[in-house]
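Report on the following structure.
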Amino acid sequence: MAIMSFPFYVDQLKPGTQYLHWALVDDDAIPVCGFQWIHWAVANVPVDALMFDMNDAQAVEIPEDFSRMMMSMVPEALCGRNSTAGSMIGSDNPQVYMHYVGPQPPDADHYYKLMVWESEQPLELGQGFWLNQMYHELNKAQINDPAWLYLVGRQ
7 MAIMSFPFYV
17 DQLKPGTQYL
27 HWALVDDDAI
37 PVCGFQWIHW
47 AVANVPVDAL
57 MFDMNDAQAV
67 EIPEDFSRMM
77 MSMVPEALCG
87 RNSTAGSMIG
97 SDNPQVYMHY
107 VGPQPPDADH
117 YYKLMVWESE
127 QPLELGQGFW
137 LNQMYHELNK
147 AQINDPAWLY
157 LVGRQ
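If you're matching positions, the sequence shown starts at 7 in our numbering and goes up one per residue.
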């Protein structure tokens, strides 16, 4: 199981953006296990805690292995639970269920959706939140326009 999260950039940040929140999900897991697989959920990452791109003042970098380094780098950020925490898998180890868990498509190539939201205020969540709780908080704050892209995971 891959545990080192991948690096990515978020660019074209809106003026006033103070926090980033993101999720990586696999809808192609639905026919395999019966539900969307949550690979990574993160909330309340202060933009100021991230490295700005020297060539673009509206772009920040999420570094490689951020998932495992996040608590020491940005202690105020929140780790959400991935699908290993659910009753179908039942992990009781927060080092597993509250971090990035990499793609392992068992049947075919899968398309993984990375969604990133921006906000001026932190979301009202606690450490170990569930993804649906983040969706509710985003909706309550009227933040309904994530930037997103698909990443292909090869079988």
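Where is the CB? At the ideal position from N, CA and C, for every residue including glycine.
Environment of Trp154 [buried if 16+ CB atoms lie within 10 Å]: Classification of Trp154: exposed, given that the 10 Å Cβ count is below 16.
The alpha helix (DSSP H) enclosing Phe72, as first and last residue numbers: Annotation: the continuous alpha helix (DSSP H) that includes Phe72 extends over Phe72 to Met79.
Contact under 8 Å by Cβ, His116 with Ala8: No; because the gap between Cβ atoms is not below 8 Å, this pair is not in contact.
Nearest-angstrom beta carbon gap, Leu19 and Val53 [assumed within contact, 8 Å]: Right, their Cβ atoms sit about 7 Å apart.
Those residues which DSSP pairs with Cys39 across a bridge: In DSSP, Cys39 forms no bridge with anything.
Buried/exposed call for Glu124, threshold 16 Cβ in 10 Å: Burial call: buried.
Leu129 - DSSP class collapsed to helix/strand/coil: Here Leu129 sits in coil by DSSP.
Cα-Cα separation between Glu107 and Gln64, rounded to whole angstroms: Residue identity check: residue 107 is Val in the sequence provided, not Glu. Those two C-alpha atoms are separated by around 28 Å.
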